[in-house]
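Position 29 of the sequence shown, counted from 1, bears residue number 35 in this note's numbering, the numbering being contiguous throughout. By construction, the Cβ of each residue, glycine as well, lies at the ideal position given by its N, Cα and C atoms. Presented below is the structure to which this report refers.
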Amino acid sequence: MTTASEDIVCSLCGQDHVVRYRIKGTGDEFWMCPECESLWRPGADPRRSTEAYLSVYLEARGLDPADVELERVEG
Ligand SMILES: [Zn+2]
């Protein structure tokens, strides 16, 4: 069984697929391209362009990117 969210190629760099991640210890989830670190907030459509980036997103939430652990969300 596949879902519509699989195999979405990053619309910004076209080099990788958008993957769902969770910030370890917070429960925050988002979509991100591992190649260029473009980020889609929950509810955003990863098929569309985005202006968000991982480092900006984390800093806006008061998190230090160097201290943050991301884990992939399966399924
Ligand atoms: Zn990308």
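When every heavy atom of ligand 1 is checked, does at least one fall within less than 7 Å of the C-beta of residue i?
i   : result
D13 : no
L2  : Given a span of 7 to 81 for the chain in the structure shown, any question on residue 2 remains unanswerable.
D22 : yes
S55 : no
Beta-carbon separation of residue i and residue j under 8 Å?
i   : j   : result
W46 : P52 : yes
L60 : E43 : yes
A74 : Y27 : Here residue 74 is Val; the residue named in the question, Ala, does not match the sequence. Not a contact, by the Cβ cut-off of 8 Å.
If you draw a straight line from the alpha carbon of residue i to that of residue j, how long is it in whole angstroms?
i   : j   : result
I29 : G20 : 24 Å
L76 : I14 : 19 Å
Which whole-angstrom value is the C-beta distance of residue i and residue j, which I expect to be below 8 Å?
i   : j   : result
R67 : S17 : Contact doesn't hold; Cβ gap of about 24 Å is too wide.
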